[in-house]
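Only one structure is covered here, and it is reproduced in the block below.
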Amino acid sequence: MYYWSSIGLIVISNIVYNICQKEINPDVNPFASLFITYVIAGTVTLISIPFYGDDSFGFVKAFSGINWATVVLALGVLGIEIGYLLAFRAGWNISTCSVIANILLALALIPIGMVMYGEQINWLKISGFIVCIIGLVMINKN
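Everything in the sequence shown is counted per the working numbering, starting at 29 for the first residue and increasing by one.
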């Protein structure tokens, strides 16, 4: 699950995500497009709730542990969706937009991981971060 199922799902879903974001009709209001996307995703998610976990989990109990993070996550997801949609409409290439965004994200999450979650950093990780920065410079040099 650690490597193949979860990461594989992320990779495949991101491929579909980026292709679909790039193909959304540029004449459509981006918020209208996302509304339809969220209605479909919300419907599928709601239908899927009873199928996750055992029978004792219960539909009502599934919502009992919701906290502030779920609400703020909705705003973060909306920002990601609109950000990619507007980036592609602005002319970003599908081959580099996600790479650049994810490298910058990884670099931004380093201090957050250290401060908020006590994650450790070592020389091997620092070397990887340096390679990411070099990669960003190389990708942006046409």
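All residues carry an ideal CB built from backbone N, CA and C; glycine is no exception.
Here the structure is a predicted model, which is why all the values come from computation and not from measurement.
What is the DSSP secondary structure of residue i, counted as helix, strand or coil?
i, result
"Asn186", "For the chain, the structure presents residues 29 to 170; residue 186 sits outside this window and is missing."
"Gly81", "coil"
"Gly111", "helix"
"Gly217", "The displayed coordinates of the chain run from 29 to 170. Any statement about residue 217 would go beyond what the structure contains."
Assuming residue i is part of the alpha helix (DSSP H), what are its boundary residues?
i, result
"Asn121", "Where Asn121 is concerned, there is no enclosing alpha helix (DSSP H), given that its DSSP letter is neither H nor E."
"Phe91", "Neither: Phe91 is in no alpha helix (DSSP H) and is coded neither H nor E."
"Gly36", "33 to 51"
"Ile162", "151 to 167"
Do residue j and residue i come within 8 Å of each other at the CB atom, strictly closer than that value?
i, j, result
"Ile140", "Phe157", "no"
"Gly163", "Ile131", "yes"
"Ala136", "Cys160", "no"
"Phe116", "Lys169", "no"
"Pro9", "Phe87", "The structure shown does not extend to residue 9, since the chain is modelled only from 29 to 170, so the question has no answer here."
"Asn42", "Ser126", "yes"
"Leu25", "Pro54", "Shown here, the chain extends from 29 to 170; a query on residue 25 therefore has no answer."
"Thr124", "Ile167", "yes"
Q) Do three or more CB pairs link the segment 106 to 116 to the segment 55 to 64 at distances below 8 Å? A) Yes: the two stretches touch, three or more of their Cβ pairs being nearer than 8 Å.
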